[in-house]
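In terms of this note's numbering, the sequence shown is residues 906 to 1100. Glycine is no exception: its CB is placed at the ideal position from the N, C-alpha and C atoms. Here is the structure we will look at, set down as structure tokens.
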Amino acid sequence: MASREAFLARVRAAQPAPEPLPEVPLFEAPSGELRARFAAALALMGGKEIEATSGETVLATIRERFGPQVSIASAAPEVPGTRALATTTSPASLEDVEVGVVRARFGVAETGSVWLSEREYIVNALGYLVQHLYVLLDPGALVAGLQDAYRRDDFRAARYAVLVTGPSATADIEGVLIQGAQGVKSLTLVWLPAR
């Protein structure tokens, strides 16, 4: 056995026994309607929200904002993109895409966050390399708080998952908020019921 294989075999044999995840406590949720709480938290983090009746409405909204020739990579079947996405798509090939579209599995009212995994993104880089991200969310797919989100089976089933709240931002330099510093410049949440 080569030294590399021997080393990896020793590492695999020395893995600790699996431990159960700690129990996540449940906290009392603040009062108020989930969608209103979600929208307020999203706005606080720099995200925008719109209502749509169909994928065609979303596409028209994107083209109205960015022009008819806008490049769109869509992981949401409701909204056709101009760039095809597949699990074999090279992440680097998305570096010149202006708009990404994805459907979130659920949203968290407490933080205004949406939950996305490799299943929703298709290519994980979609959420980071595009300039503007449109996230479709079913209004009925909201949970009250983070403790509710962590209790969902989605976390145990995904290899990769992220809670996204608004566009990327930093306020490190002199306390000035800069959006789009190291990721998407804008995040638009689209309220669109799932079929």
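query: State the DSSP-derived secondary structure class of Ser959, mapped to helix, strand or coil.; result: coil
query: Could you spell out the range, first to last residue, of the alpha helix (DSSP H) harbouring Ala946?; result: Leu939 to Leu949
query: Leu913: buried (16+ other C-beta within 10 angstroms of its C-beta) or exposed?; result: exposed
query: Quick one: using the 10 Å Cβ neighbour count with 16 as the cut-off for buried, is Gly1017 buried or exposed?; result: buried
query: Between the Cα of Arg1008 and the Cα atoms of Asp1001, Thr993 and Arg1024, which residue gives the shortest distance?; result: Arg1024
query: Thinking C-beta only, is Val1006 closer than 8 Å to Arg988?; result: no
query: Would you call the CB atoms of Val1095 and Ile955 closer than 8 Å?; result: yes
query: So Ala965 and Ile1027 are in contact, right, with Cβ under 8 Å, and what is the actual spacing, rounded?; result: Actually they are not in contact, since the Cβ atoms of Ala965 and Ile1027 sit about 23 Å apart, beyond 8 Å.
query: Using 8 Å for Cβ pairs, my map puts Gln1052 next to Val929. What's the rounded Cβ distance?; result: 5 Å
query: Label Phe943 either buried or exposed according to how many other C-beta atoms from any shown protein chain fall within 10 Å of its C-beta, with 16 as the threshold for buried.; result: buried
query: Return the chain-ordered ranges of every alpha helix (DSSP H) run that is complete within the segment 986 to 1026 and spans a minimum of 4 residues.; result: 1023 to 1026
query: Verify whether the separation of the beta carbon atoms of Ala1014 and Leu939 is less than 8 Å.; result: yes
query: Since Ile977 contacts Val1004 with CB under 8 Å, what's their CB separation in whole angstroms?; result: 5 Å
query: By the 10 Å Cβ neighbour count, where 16 or more other Cβ atoms means buried, how is Thr1093 classified, buried or exposed?; result: buried
query: Return helix, strand or coil for Ile898, following the three-state DSSP convention.; result: There is simply no residue 898 to check, as the chain begins at 906 and stops at 1100 in what is shown.
query: Between the segment 1072 to 1092 and the segment 1036 to 1050, do three or more beta carbon pairs fall short of 8 Å?; result: yes
query: With burial defined as no fewer than 16 other Cβ atoms inside 10 Å of the residue's Cβ, what is the status of Thr1075: buried or exposed?; result: exposed
query: I'd like the list of long-range same chain contacts for Val975, defined as Cβ closer than 7 Å, with 5 residues on each side in sequence excluded.; result: Ile967, Arg968, Glu1003 and Val1004
query: Does the Cβ of Thr993 have 16 or more other Cβ atoms within 10 Å, making it buried, or fewer, making it exposed?; result: exposed
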